[in-house]
Amino acid sequence: MSAVSWPGERRRWPARAVLGLGVLLLVASFLVGSARGAYAISPLQLWAVVGDVLGGVAPSSPEHLVFMNIRLPRLLLGVAAGAALGLSGALMQGLFRNPLADPGLIGVSSGAALAAGTTIVLGSLWFPEMPRTLGSWTLVLTAFAGSLGVTLLVYTLSQQDGATRVGLMLLAGIAINALAGAGLGYLTFLATDEQLRNIQFWLLGSLGGARWSAVLLVFSIVVVSVGTGLTLARPLNAIALGEAQAALLGVPVERIKRFAVLVTALAVGAVTATTGIIGFIGLMAPHCVRLVAGPDHRIVLPSSALLGAALVLAADSVARTVVQPAELPLGVLTAFVGVPFFLLLLRHFRSRL
Amino acid sequence: MNARSLADFSLLQGLLEAVDVVVEAPGKTLLQAASARFVAGQVSAILGPNGAGKSTLMSVLTGQRQPDGGQVRLAGQALAGYSPQDLARVRACVAQETQVAFEFTVREVVELGRYPHRRQAAGHEADIAMQAMQATAVEHLADRQLNTLSGGEKARVHLARALAQVWENTSAPGPRWLLLDEPTAALDLQHQHRMLQLARDWAREQGVGVVAVLHDLNLALRYSDRCVVLQGGQLVAGGATAEVLTPARIHQVWGVCAHPVPGGGERNVLQYVFEPGQEDAARRPVAPLAPAPLYG
Numbered sequence: 112m113s114a115v116s117w118p119g120e121r122r123r124w125p126a127r128a129v130l131g132l133g134v135l136l137l138v139a140s141f142l143v144g145s146a147r148g149a150y151a152i153s154p155l156q157l158w159a160v161v162g163d164v165l166g167g168v169a170p171s172s173p174e175h176l177v178f179m180n181i182r183l184p185r186l187l188l189g190v191a192a193g194a195a196l197g198l199s200g201a202l203m204q205g206l207f208r209n210p211l212a213d214p215g216l217i218g219v220s221s222g223a224a225l226a227a228g229t230t231i232v233l234g235s236l237w238f239p240e241m242p243r244t245l246g247s248w249t250l251v252l253t254a255f256a257g258s259l260g261v262t263l264l265v266y267t268l269s270q271q272d273g274a275t276r277v278g279l280m281l282l283a284g285i286a287i288n289a290l291a292g293a294g295l296g297y298l299t300f301l302a303t304d305e306q307l308r309n310i311q312f313w314l315l316g317s318l319g320g321a322r323w324s325a326v327l328l329v330f331s332i333v334v335v336s337v338g339t340g341l342t343l344a345r346p347l348n349a350i351a352l353g354e355a356q357a358a359l360l361g362v363p364v365e366r367i368k369r370f371a372v373l374v375t376a377l378a379v380g381a382v383t384a385t386t387g388i389i390g391f392i393g394l395m396a397p398h399c400v401r402l403v404a405g406p407d408h409r410i411v412l413p414s415s416a417l418l419g420a421a422l423v424l425a426a427d428s429v430a431r432t433v434v435q436p437a438e439l440p441l442g443v444l445t446a447f448v449g450v451p452f453f454l455l456l457l458r459h460f461r462s463r464l
Numbered sequence: 045m046n047a048r049s050l051a052d053f054s055l056l057q058g059l060l061e062a063v064d065v066v067v068e069a070p071g072k073t074l075l076q077a078a079s080a081r082f083v084a085g086q087v088s089a090i091l092g093p094n095g096a097g098k099s100t101l102m103s104v105l106t107g108q109r110q111p112d113g114g115q116v117r118l119a120g121q122a123l124a125g126y127s128p129q130d131l132a133r134v135r136a137c138v139a140q141e142t143q144v145a146f147e148f149t150v151r152e153v154v155e156l157g158r159y160p161h162r163r164q165a166a167g168h169e170a171d172i173a174m175q176a177m178q179a180t181a182v183e184h185l186a187d188r189q190l191n192t193l194s195g196g197e198k199a200r201v202h203l204a205r206a207l208a209q210v211w212e213n214t215s216a217p218g219p220r221w222l223l224l225d226e227p228t229a230a231l232d233l234q235h236q237h238r239m240l241q242l243a244r245d246w247a248r249e250q251g252v253g254v255v256a257v258l259h260d261l262n263l264a265l266r267y268s269d270r271c272v273v274l275q276g277g278q279l280v281a282g283g284a285t286a287e288v289l290t291p292a293r294i295h296q297v298w299g300v301c302a303h304p305v306p307g308g309g310e311r312n313v314l315q316y317v318f319e320p321g322q323e324d325a326a327r328r329p330v331a332p333l334a335p336a337p338l339y340g
């Protein structure tokens, strides 16, 4: 209210504007993602397809088949992936009270990567008949199990006297991530050239493995996790005062920590198992939101999920069109699309940091 | 006397008690069989030299630290038997220092004090936050980011948050409590007095129990009704502040000579001027006093 403007204190955007913009970005990137691709679908054709689907008309046109069987599951997987990563990033940063935290910190990604690498390299030795392409059930399930297992290990290592020590979790996470990285390094040493390429592509992420069966499962896991995650907003605001002060305000700190880790492990674990590692979204989306809307988690959590989803969809529609008929790895694009956007925001709002 | 009648009215209701509290750290006893009673409607000071166990006693009273022996009772019931939510509705605590992550504004931090209460009309909550900010004179900083403020301003914001937390008795019966660990440490002279005057007004007028760790004995003399004195992890004295803080006791515990200010009394800020004694207070042997319950 004061007439003097203090350094670092520009007016924040109102919550409704931020959430509205998030929804708008998501809808826009969803529409662009629906239209663009190796088989372009014009807005009119898209409209006709939607009419057909709603009217229960049997698929008649190629665009109908392409949209319903290839593009829609891919878009939904993208929404799930972005929402899971964005929300989990905000949860982890809030829980660790550290803006550098991201979902990978608690071992979700490295666990999935190690398990995926093991399946790709050793699976071909021991169970040669198993399918091991991106999005195949074997790879998805082992990667999901790997991410949950490693997260559980990090969580267990951070227990002391019946409480979870966040500082310990940070260090245990870094150590276990390094160990998983070494394991993966050893696997790449063992791998054949083709396996090496598979691992490399898995590590860069892709929505290309989207099939309805897996997408529906991942989507429902993410919906439940994100729904649970959103209820943690007020407690996370209190935890910004420190765990001790939050507990004195009546926050069940230990339960909040468990929920935040569980939500992250399930949502990001399920997504990563299906898409491989999609970097940067979990770190960046919450920062973008905080820069324009302030740190209130009641805005940061939902907006990070919306922005994460929009960014993944935008990156994916570029990934599958710039070098068609081939596809760029998604992880390359999230960085290419995300980093300039992030740097632009940083420049614009640098005084707030 | 208002405070006394309130205490008599419901003897147990208005009591916060430490009963034979023992706190041990590896190789050291931080608190040794400390028993003390704090009464709602009064300002009680916890006094003692550095490292005497003041903050340890405070952390046991707030329930942040589980004692290795003994227990803390609120209204006659063990502190451990309360749910954190129920405690948070009647009791606010301010730590020596609180680091706030992210760029929360002063208003947002003060509004966090309303966390334990069932949400009422948004206007009512905003009113309470504003009045709490006015009480500690930070309302002009409401839209500033907390982390851009000075240490003293931050301290006043956290005090406002604590006031907002126990602003009114809606969801729980019984007296409310304010537990303050060195609330005046970062404050300038004027705000030290404003803050403690506020605490005393709340105690007198609303029956709030205030327990504060203080270093300034003159402030303790002026604003606290009762005090306990810690030395080397033991409670060595307790009672009405003016009776406890005699020059002899001050010399014995702090190792400084206290000279009464001529004409010093209720109206004056200073009661003593101090001059350093010969010995280092921390190395002085603890007076062998049997720790006894202290009655409020």
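As given, the protein sequences belong to chains A and B, one line each in that order.
Under the numbering used here, think of the first position of the first sequence as 112, with each following residue one higher.
Under the numbering used here, think of the first position of the second sequence as 45, with each following residue one higher.
We put the CB at the ideal spot given by N, CA and C, even for glycine.
Predicted model only: the values in this text are computed from it and were never measured.
{"Query": "Assuming B/Leu274 is part of the beta strand (DSSP E), what are its boundary residues?", "Result": "Arg270 to Gln275"}
{"Query": "For the region 269-301 of chain A, enumerate the residues whose C-beta is nearer than 8 angstroms to any C-beta of chain B, in chain order.", "Result": "none"}
{"Query": "Thinking C-alpha only, which one of A/Pro413, A/Leu279, A/Val232 and A/Ser317 is nearest A/Leu295?", "Result": "A/Val232"}
{"Query": "Decide if A/Val333 is buried, meaning its Cβ has at least 16 other Cβ atoms within 10 Å, or exposed.", "Result": "buried"}
{"Query": "Between the C-alpha atoms of A/Asn209 and A/Ala126, what's the straight-line distance to the nearest angstrom?", "Result": "22 angstroms"}
{"Query": "Could you check the C-alpha separation between A/Leu341 and A/Phe453 for me, to the nearest Å?", "Result": "24 angstroms"}
{"Query": "In the DSSP assignment, what are the bridge partners of B/His303?", "Result": "B/Val317"}
{"Query": "Please determine, among A/Leu377, A/Leu206, A/Ala426 and A/Leu441, the residue with the shortest C-alpha to C-alpha distance to A/Leu328.", "Result": "A/Leu377"}
{"Query": "B/Arg200: which of B/Asp187, B/Ala176 and B/Leu223 sits nearest, CA to CA?", "Result": "B/Ala176"}
{"Query": "Measuring CB atoms only, is the region 141-148 of chain B touching the region 97-110 of chain B, in the sense that at least three cross pairs come out at less than 8 angstroms?", "Result": "no"}
{"Query": "So the alpha helix (DSSP H) A/Phe447 belongs to, where does it begin and stop?", "Result": "Leu441 to His459"}
{"Query": "Tell me which residues share the same chain as A/Phe178 and place their Cβ nearer than 8 angstroms to its Cβ, disregarding the 5 neighbours each side in the sequence.", "Result": "Ser145, Ile152, Leu157 and Val160"}
{"Query": "Using the Cα positions of A/Ile367 and B/Leu265, report the straight-line distance between them to the nearest angstrom.", "Result": "43 angstroms"}
{"Query": "Tell me which residue opens and which closes the beta strand (DSSP E) that B/Arg81 is part of.", "Result": "Lys72 to Val83"}
{"Query": "Pull up the distance between the alpha-carbon of A/Leu347 and that of B/Asp64, whole angstroms please.", "Result": "36 angstroms"}
{"Query": "In this structure, how does DSSP classify A/Gln311 when only helix, strand and coil are distinguished?", "Result": "helix"}
{"Query": "What are the residues of the region 107-122 of chain B that lie near chain A, defined by any Cβ-Cβ distance shorter than 7 angstroms?", "Result": "Gln108"}
{"Query": "Would you list the one or two residues that DSSP bridges to A/Thr275?", "Result": "A/Gln270"}
{"Query": "Tell me whether B/Gln236 is buried or exposed, calling it buried when 16 or more other Cβ atoms sit within 10 Å of its Cβ.", "Result": "buried"}
{"Query": "With C-beta atoms as the reference, is A/Gly316 less than 8 angstroms away from A/Gly393?", "Result": "no"}
{"Query": "Could you name the residues of the region 391-413 of chain A whose beta carbon sits closer than 8 angstroms to any beta carbon of chain B, in the order they occur along the chain?", "Result": "Arg401, Gly405, Pro406 and Asp407"}
{"Query": "Measure from the alpha carbon of B/Gln140 to the alpha carbon of each residue in B/Gly196, B/Glu155 and B/Ala166, then state which is nearest.", "Result": "B/Gly196"}
{"Query": "With DSSP run on the structure shown, which of helix, strand or coil describes A/Arg208?", "Result": "coil"}
{"Query": "Alpha helix (DSSP H) containing B/Glu141: first to last residue?", "Result": "Where B/Glu141 is concerned, there is no enclosing alpha helix (DSSP H), given that its DSSP letter is neither H nor E."}
{"Query": "I need the straight-line Cα distance from B/Ser194 to B/Arg205, nearest angstrom please.", "Result": "17 angstroms"}
{"Query": "Does B/Asn94 pass the burial test, meaning 16 or more other C-beta atoms within 10 Å, or should it be called exposed?", "Result": "exposed"}
{"Query": "Quick one: Cα of B/Gly71 to Cα of A/Thr275, how far?", "Result": "25 angstroms"}
{"Query": "How is the alpha helix (DSSP H) around B/Trp246 delimited, first residue to last?", "Result": "Leu233 to Gln250"}
{"Query": "Is any beta-carbon of chain B found at less than 8 angstroms from that of A/Ala474?", "Result": "Residue 474 of chain A is absent from the structure shown; chain A starts at 112 and stops at 464."}
{"Query": "Exposed or buried, A/Phe467, counting other C-beta atoms within 10 Å across all chains shown (16 or more means buried)?", "Result": "Shown here, chain A extends from 112 to 464; a query on residue 467 of chain A therefore has no answer."}
{"Query": "Taking DSSP's pairing of strands, which residues face B/Trp221 in a bridge?", "Result": "B/Arg135 and B/Gly253"}
{"Query": "Please state if the CB of B/Ser79 and the CB of B/Leu279 are separated by a distance shorter than 8 angstroms.", "Result": "yes"}
{"Query": "Of all the CB atoms in chain B, is at least one closer than 8 angstroms to the CB of A/Gly552?", "Result": "Residue 552 of chain A lies beyond the stretch modelled for chain A, which goes from 112 to 464, so this question has no answer here."}
{"Query": "If we ignore side chains and look at the alpha-carbon of each, how far apart do A/Ala384 and A/Arg369 end up?", "Result": "21 angstroms"}
{"Query": "Let me confirm a value: A/Glu305 is counted as buried when at least 16 other C-beta atoms fall within 10 Å, else exposed. Which label applies?", "Result": "exposed"}
{"Query": "In this structure, does DSSP put A/Leu130 in helix, strand or coil?", "Result": "helix"}
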